[in-house]
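Chains A and B, in that order, are what the protein sequence lines are. As numbered in the working numbering, the first sequence has no gaps in its residue numbers, which increase by one up to the final residue, 119. As numbered in the working numbering, the second sequence has no gaps in its residue numbers, which increase by one up to the final residue, 543. Glycine included, C-beta positions come from ideal geometry on N, C-alpha and C.
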Amino acid sequence: GAVVSQHPSWVICKSGTSVKIECRSLDFQATTMFWYRQFPKQSLMLMATSNEGSKATYEQGVEKDKFLINHASLTLSTLTVTSAHPEDSSFYICSARGGEGTDTQYFGPGTRLTVL
Amino acid sequence: GQSLEQPSEVTAVEGAIVQINCTYQTSGFYGLSWYQQHDGGAPTFLSYNALDGLEETGRFSSFLSRSDSYGYLLLQELQMKDSASYFCAVRDDKIIFGKGTRLHILP
Numbered sequence: 004g005a006v007v008s009q010h011p012s013w014v015i016c017k018s019g020t021s022v023k024i025e026c027r028s029l030d031f032q033a034t035t036m037f038w039y040r041q042f043p044k045q046s047l048m049l050m051a052t053s054n055e056g057s058k059a060t061y062e063q064g065v066e067k068d069k070f071l072i073n074h075a076s077l078t079l080s081t082l083t084v085t086s087a088h089p090e091d092s093s094f095y096i097c098s099a100r101g102g103e104g105t106d107t108q109y110f111g112p113g114t115r116l117t118v119l
Numbered sequence: 437g438q439s440l441e442q443p444s445e446v447t448a449v450e451g452a453i454v455q456i457n458c459t460y461q462t463s464g465f466y467g468l469s470w471y472q473q474h475d476g477g478a479p480t481f482l483s484y485n486a487l488d489g490l491e492e493t494g495r496f497s498s499f500l501s502r503s504d505s506y507g508y509l510l511l512q513e514l515q516m517k518d519s520a521s522y523f524c525a526v527r528d529d530k531i532i533f534g535k536g537t538r539l540h541i542l543p
């Protein structure tokens, strides 16, 4: 099946720094990528949807200036958490969907962010 | 708005059968998916129902009734490794997850 990778798998950073998380579709072209956030013992909450070459669409309550999403190619999307604070500590999961005729979303393994 | 309701926790005995229900209210609907997530891991896809009826995949089955906005996941011959959280999710242009059901399995 299709494979989606994320890098890094975990990251620890100091408060106030920015962290970039990469999401790659390894064996297919992902026209659309999704970013989710999951706090401990809670559900996955959709943060934003990004289409290759266009601006991301953010869900209500998600700060676009804090969570910068770039989907510059059909195989790579990045999420940058700017000026991270301890409350941003969470499990970030991306998923990718292929092109026309393909509506299955494939999930990455997730990135655990801890902000000290 | 969109909402999915599922029980927060379910407990069952090893070898038994358990059913996890999900009701949904969404503006768009292509189908209902189920995902399994072990602690510390990412969600893994279990099943997808676009049409009414029962889909069976090994020990797991999933059911959908579009007219009732209802579905369930049925797990048979429970094994200890099935202890995990199970999420129902509605698919339209994106996937929206329910809050998850924590399944505890007793030996």
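Could you tell me which chain A residues have their CB closer than 8 angstroms to the CB of residue i, listed as they occur along the chain?
i: ALA520(B); result: Neighbours of ALA520(B) on chain A: none; closest Cβ ~13 angstroms, over 8 angstroms.
With respect to the beta strand (DSSP E) encompassing residue i, which residues constitute its N-terminal and C-terminal limits?
i: PHE481(B); result: 480-485
i: CYS23(A); result: Residue identity differs from the one stated: residue 23(A) is Lys in this sequence, not Cys. That run of the beta strand (DSSP E) goes 22-28.
i: GLU445(B); result: 445-449
i: THR34(A); result: No beta strand (DSSP E) holds THR34(A); DSSP gives it neither H nor E.
i: GLY467(B); result: 467-473
i: THR462(B); result: From DSSP, THR462(B) is part of no beta strand (DSSP E); its letter is neither H nor E.
i: LEU14(A); result: First, the residue type needs correcting, since residue 14(A) is Val and not Leu in the sequence shown. Here the beta strand (DSSP E) through VAL14(A) covers 13-16.
i: SER439(B); result: 439-441
i: SER8(A); result: 7-10
i: PHE42(A); result: No beta strand (DSSP E) holds PHE42(A); DSSP gives it neither H nor E.
i: ILE531(B); result: 531-533
i: ILE453(B); result: It is not in any beta strand (DSSP E) - ILE453(B) carries neither H nor E in the DSSP assignment.
I'd like to know if residue i contacts chain B, where contact means its C-beta is closer than 9 angstroms to some C-beta of that chain.
i: PRO11(A); result: no
i: LEU49(A); result: yes
What does residue i reach in chain A if we use C-beta pairs closer than 7 angstroms?
i: ALA478(B); result: ILE96, PHE110, GLY111, PRO112, GLY113
Using a Cβ-Cβ distance cut-off of 9 angstroms, determine whether residue i contacts chain A.
i: PHE481(B); result: yes
Using the beta-carbon of each residue, which ones in chain B are nearer than 9 angstroms to residue i?
i: PHE37(A); result: LYS530, ILE531
Anything in chain B within Cβ reach of residue i, meaning under 7 angstroms, just list it in chain order.
i: SER46(A); result: PHE523, PHE533, GLY534, LYS535, GLY536
i: THR52(A); result: LYS530
Within the present structure, is the beta-carbon of residue i separated from the nearest heavy atom of the ligand ADP by less than 8 angstroms?
i: GLU25(A); result: The ligand ADP is not among the ligands present in this structure, which contains no ligands whatsoever.
Checklist entry - Got a sec: which bits of the region 504-537 of chain B sit with their beta carbon under 7 angstroms from any beta carbon on chain A, in order along the chain? => result PHE523, LYS530, ILE531, ILE532, PHE533, GLY534, LYS535, GLY536
Checklist entry - Curious, which full-length beta strand (DSSP E) runs of at least 3 residues does the region 488-526 of chain B contain? => result 489-493, 496-501, 506-511
Checklist entry - Unbroken beta strand (DSSP E) runs of length 3 or more, entirely within the region 48-119 of chain A: which are they? => result 70-76, 79-84, 93-100, 108-110, 114-118
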